[in-house]
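S.K.: Please see the structure below; I have some questions.
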Amino acid sequence: MSARALIFAANWKMNHGPGAAREYAQKFLALTAPAVDRSLWFFPPAVSLGALSKSLRTRPDASVGAQNVHWEPKGAFTGEVSIPMVMEVGARLVLVGHSERRQLFGETDEQVVRKTRAAIKAGVTPLVCVGETLTERESGRTEQVVLRQIGAVLQAIDGAAWTKVALAYEPVWAIGTGKNATPDDAAQIHEVIRMELGRKGVSVRVPILYGGSVNQENVGLLLTRPQIDGVLVGGASLDPKGWADLVERGSRAKVRPSGGYDLV
Ligand code: PEP
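Residue numbers (this note's numbering): 4 to 267.
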């Protein structure tokens, strides 16, 4: 992963089996060309990893990752898949601690740490998600919650290993709801996370993505904030044409090294 590349991550959740994944890739590839300054990350369901990674093999800008893994490489864990297994079918990334895993399946900070550690050890990039619920936000605890979630990982992963980690700030109340954090709100929390990483001596190069109801209309504005290194997108990544359009709009909007904004 090039740490400075703008990252567009698509979380398909429980959508697109292997056949649909192949069709998606065919359409998406016809609509986009590789660009050196951006990375396209796809998180399909586990059963579609092999089909998708094969379909995208001609594109050096595209990587595929698992939405969830177990931290053990093998064993008596019915229904789980391990990191070596997803790597065997092409995964180079894993999503860890997505809010749906935390909220719906009871994933704890401790499990997030185990998965993150296992991913780094195996040589896949964990994309670790953090974010507050609506109740936590409304009671003024956003920073406290995000720092607790980040802190658990910071405590367990040493500085050098952070070069292999990516983070996503995803306010839970914004995921799949059509409500997104304003670019300023998101940028402010990204800044808090970045400062916390800095305090612990962690690389400034750790990419921090924003996620939560990002779509073709709002991606441009979000990515004008220099604190936001990319986006993690669920609903708006499910249609190949819409996703290609979102990627192009976001790429055009990112702050250029010259400092100018180029809004869509
Ligand atoms: C997600 O699944 O990580 C997400 C941000 O979903 P959505 O874009 O649909 O809010």
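Glycine residues also receive a C-beta, built at the ideal position from the N, C-alpha and C atoms.
Taking Cβ positions, are G214 and A171 nearer each other than 8 Å?
M.R.: yes
S.K.: Under a three-way DSSP split, which group does H193 fall into?
M.R.: helix
S.K.: Which whole-angstrom value describes the C-beta separation of V236 and A12, a residue pair presumed to lie in contact below a C-beta threshold of 8 Å?
M.R.: 7 Å
S.K.: Should V89 and H73 be called a contact, given that it needs their Cβ atoms to be closer than 8 Å?
M.R.: Contact: no.
S.K.: Can you confirm whether the segment 131-149 touches the segment 172-180 when touching is taken to mean that 3 or more C-beta pairs between the two stretches lie within less than 8 Å?
M.R.: yes
S.K.: For Y27, which beta-bridge partners are listed by DSSP?
M.R.: Answer is none; Y27 lacks a bridge partner.
S.K.: Let me know if K124 comes out buried or exposed under the rule of 16 or more other beta-carbons within 10 Å of its beta-carbon.
M.R.: Exposed.
S.K.: Buried or exposed: where does K77 fall if 16 or more other Cβ atoms within 10 Å of its Cβ makes it buried?
M.R.: exposed
S.K.: Quick one, which of T166, T185 and K118 has its alpha-carbon nearest E220's?
M.R.: T185
S.K.: Compute the minimum distance between the beta carbon of S51 and the heavy atoms of the ligand PEP, and state whether it is under 7 Å.
M.R.: no
S.K.: What separation, rounded to the nearest whole angstrom, lies between the Cα atoms of L226 and N71?
M.R.: In a straight line, the C-alpha of L226 is about 27 Å away from that of N71.
S.K.: Please list the segments of the alpha helix (DSSP H) lying wholly inside the segment 104-190, counting only runs of 4 or more residues, in order along the chain.
M.R.: 112-125, 137-141 and 145-159
S.K.: Could you tell me which of P63, W15, A163 and A8 sits nearest to G238, measuring between CA atoms?
M.R.: W15
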